[in-house]
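In the working numbering, the protein residues as written are 8 to 434.
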């Protein structure tokens with residue numbers, strides 16, 4: 008009997024344990040289900056977060072940016088008839104460089120014994136103008152630190168001495184008694200009414216790194232912002248024209264070659280068979296590419312006829328630029344490129360000098376927006392051409408196995424003749 012009772016009691020306890028375990032499991036499952044329902048409900052009422060896309064910038068249309076008033080002059084090259092030497096009369100008095108904007112006269116009084124030691128220019132100006140009750144404003148400071156001892160003279164003269172020493176400009180507003188300092192000033196250069204001269208001046212200004220230029224073709228003026236160093240260069244350029252200088256003009260054609268056989272380079276050595284010996288006078292190797300000097304026997308037309316048997320020719324740009332003797336000028340090929348062509352930001356910089364016997368020494372540099380590509384120094388006689396070959400199109404992000412870019416240049420001379428208005432009208 009006792010044994011039976013013990014067995015039943017054990018069975019009852021086991022059943023109760025199983026029932027309690029099952030209840031606990033059911034309760035845990037219920038709680039888990041309730042938690043999931045709450046989480047799902049929260050997810051439903053949560054606002055949907057959309058990934059914000061950056062707004063597309065709104066810019067001036069490409070068609071409007073493509074309008075360039077220089078195009079009829081700069082991008083019109085007559086390859087059939089090229090005048091190697093052109094005499095160009097101009098009126099010397101037409102040159103004038105003026106600073107724009109209002110600049111009132113400074114108060115008139117004498118400065119005596121004004122000194123300062125290694126002080127930024129704007130602080131020196133504050134010290135000088137304090138007694139006169141003039142406030143100093145300098146938006147793009149601080150400026151160069153300078154020293155001076157025992158400066159004397161009229162107030163405006165001392166102001167000018169400090170500004171010149173620091174390489175800055177000043178503008179005075181008499182009504183508000185404010186002296187404004189700046190590294191740059193807006194200038195207008197008035198030029199003779201001669202298209203080659205104004206083109207040359209535009210190319211020189213761009214060669215100096217100034218690209219924000221406004222040209223007025225009605226009065227032949229060029230407006231730009233310049234620092235003191237650039238202003239001084241422009242004054243030197245005006246003086247340069249006092250001695251009847253010679254300008255070197257370059258007619259330029261830039262085109263791409265796509266070989267019919269993608270596995271082969273252009274066979275440039277075949278030129279030695281296609282043209283008479285001596286038609287190619289020199290060949291130089293640069294960091295990238297080669298530059299060949301040729302006689303007029305190899306014209307642009309004959310060159311393209313020769314290349315047309317090996318490759319498809321795609322003309323990118325044709326134009327002209329003008330280099331005053333011993334000055335640096337810049338030609339951006341995009342100015343004369345076709346709308347569908349990718350000009351890939353290529354620029355040609357040239358510094359030219361005319362030597363005895365009408366020999367022209369040219370320092371040519373090719374640049375992209377990212378920096379210099381290659382450079383050549385070339386000497387050729389008037390009547391000779393030169394061309395840069397072997398520039399892989401991969402340099403400019405252009406696909407095409409074995410394809411390359413060619414630059415063909417023809418130098419010409421423009422001899423200027425300084426005269427007066429009466430004589431000029433009779434020439």
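The beta-carbon is built from N, C-alpha and C at its ideal position, and this holds for glycine as well. Note that the structure is predicted; figures quoted are calculated from it, not measured.
Shortest Cα-Cα distance from residue 240 to any of 329, 217, 384 involves 217. When DSSP states are grouped into helix, strand and coil, residue 268 belongs to the coil group. In this structure, the beta-carbon distance from residue 262 to residue 323 falls below 8 Å. Counting only residues of its own chain and dropping the five nearest sequence neighbours on each side, residue 271 has a CB closer than 7 Å to the CB of 409. Just so you know, the alpha carbons of residue 62 and residue 76 end up roughly 33 Å apart.
Shown here, residue 276 sits in a helix according to DSSP, grouped into three states. Note on geometry: alpha-carbon atoms of residue 117 and residue 123 lie some 17 Å from one another. At the C-beta level, residue 189 and residue 179 stay beyond 8 Å of one another. In the displayed model, residue 77 falls within coil according to three-state DSSP, outside both helix and strand.
In the same chain as residue 155, and ignoring 5 residues on each side of it, the C-beta atoms closer than 8 Å to its own belong to 121, 122, 123, 131, 168, 169, 172, in chain order. In the DSSP assignment, residue 392 falls within the beta strand (DSSP E) that extends over 392-399.
For residue 236, the enclosing alpha helix (DSSP H) has its first and last residue at 235-247. Residue 416 is bridged by DSSP to 259, 393. Taking all protein chains in view, the Cβ of residue 338 is crowded by 16 or more other Cβ atoms within 10 Å, so the residue is classified as buried. Annotation note: the segment 125-168 contains the following uninterrupted alpha helix (DSSP H) runs of length 4 or greater, listed N- to C-terminal: 128-136.
Separation of residue 237 and residue 211 (C-alpha to C-alpha, rounded to the nearest whole angstrom) is 11 Å. Residue 317 and residue 275 have their alpha carbons spaced roughly 10 Å apart. Using a 10 angstroms sphere on the CB of residue 400, the tally of other CB atoms reaches 16 or more, which defines it as buried. Between the segment 218-234 and the segment 129-148 there are fewer than three C-beta pairs closer than 8 Å, too few to call the two in contact. Looking at the backbone, the Cα of residue 415 and that of residue 359 are separated by about 16 Å. At the C-beta level, residue 152 and residue 129 stay beyond 8 Å of one another. Buried is the label assigned to residue 252, since at least 16 other Cβ atoms lie within 10 Å of its Cβ. Residue pairing of residue 370 in beta bridges, as defined by DSSP: 358, 384. According to the DSSP assignment, residue 291 belongs to the beta strand (DSSP E) that extends over 287-292. In its chain, beyond the 5 residues on either side, 94, 253 have a beta carbon closer than 6 Å to the beta carbon of residue 422. Its chain contains 381 as the residues whose beta carbon lies nearer than 6 Å to that of residue 294, once the 5 sequence neighbours on both sides are disregarded; these appear in chain order. Excluding residues up to 5 positions away in sequence, 372, 373 lie with their Cβ nearer than 8 Å to the Cβ of residue 379 in the same chain. Two segments are said to touch when three or more pairs of C-beta atoms, one from each, lie closer than 8 Å; by this definition the segment 193-202 touches the segment 86-105. Of the candidates 405, 127, 247, the residue whose Cα lies closest to the Cα of residue 330 is 247.
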